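Participant:
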Amino acid sequence: MKLSSAKLILDTALAEAQKRGVSVCISIVDAAAWPVAFVRMDGAPLGVIDVSNKKARTAVLFQMDSADFAKVAHPDAGAYTLENTNGGLTSFGGGVVLKAADGTLLGGIGVSGAATQDDIDIARAAADTLTA
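For the sequence shown, full-length UniProt numbering gives the first residue as 1, with consecutive numbering after it.
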């Protein structure tokens with residue numbers, strides 16, 4: 001993922017968070033799960049820095065949104081504790097796969113600090129900039 005794309009995604013996520021009146025951390029990783037861009041909005045708790053990164057890494061490493069990952073990694077599912085692999089993942093929403101218009105995997109975005117549905121919606125709005 002190019003930095004220019006990451007900046008556009010980050011700006012979109014920031015605008016969406018501001019529109020909702022929430023303070024979040026936003027992490028963007030490339031297709032190999034390495035950091036490309038990050039921001040911690042004023043007022044976002046320190047603890048969500050790591051969570052936003054894990055959400056982004058989960059999305060790209062398993063090529064599925066972290067909310068979908070949660071469906072296979074909860075106590076009654078077949079892959080319980082899977083989030084303990086790969087240096088730590090997360091099994092709740094806010095991590096979204098980033099794909100180009102042609103479906104090529106570019107990376108992942110993780111948003112954390114608001115209600116889970118807000119995190120998901122902010123991440124999806126930002127991801128949609130790639131296909132708009």
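Ideal Cβ placement from N, Cα and C applies to all residues, glycine included. Just so we're clear, the structure is a prediction, and the values are computed from it rather than from any experiment.
Exposed or buried, residue 6, counting other C-beta atoms within 10 Å across all chains shown (16 or more means buried)?
Facilitator: Buried, since its Cβ has 16 or more Cβ neighbours within 10 Å.
Participant: Sort out for me which residues DSSP pairs residue 26 with in a bridge.
Facilitator: Beta-bridge pairing links residue 26 to 39, 111.
Participant: Rounded to whole angstroms, what is the Cα-Cα separation between residue 122 and residue 14?
Facilitator: The straight-line gap from Cα to Cα measures roughly 8 Å.
Participant: Using three-state DSSP, classify residue 46 as helix, strand or coil.
Facilitator: Coil at residue 46, not helix or strand.
Participant: Taking the CB atoms as reference points, tell me whether residue 23 and residue 113 lie closer together than 8 Å.
Facilitator: Against a cut-off of 8 Å, the Cβ pair of residue 113 and residue 23 comes out as a contact.
Participant: On the DSSP letters alone, give me the boundaries of the beta strand (DSSP E) that residue 7 sits inside.
Facilitator: No beta strand (DSSP E) holds residue 7; the alpha helix (DSSP H) holding it covers 3 to 20.
Participant: Taking all protein chains shown into account, decide if residue 59 is buried (16 or more other Cβ within 10 angstroms of its Cβ) or exposed.
Facilitator: Classification for residue 59: buried.
Participant: Here's the rule: buried if 16 or more other CB atoms are within 10 angstroms of the residue's CB, otherwise exposed. What is residue 12?
Facilitator: When all chains shown are included, residue 12 counts as buried.
Participant: Assuming the contact rule is C-beta atoms closer than 8 Å, residue 95 and residue 107 should be a hit. Round their C-beta distance to whole Å, please.
Facilitator: Incorrect: roughly 11 Å between the Cβ atoms, too far for contact.
Participant: Would you tell me roughly how many angstroms separate the C-alpha atoms of residue 64 and residue 105, rounded to the nearest one?
Facilitator: The straight-line gap from Cα to Cα measures roughly 11 Å.
Participant: For the alpha helix (DSSP H) containing residue 90, list its first residue and its last residue.
Facilitator: From DSSP, residue 90 is part of no alpha helix (DSSP H); its letter is neither H nor E.
Participant: Could you name the residues that DSSP lists as bridge partners for residue 98?
Facilitator: Looking at the DSSP assignment, residue 98 forms a beta bridge with 107.
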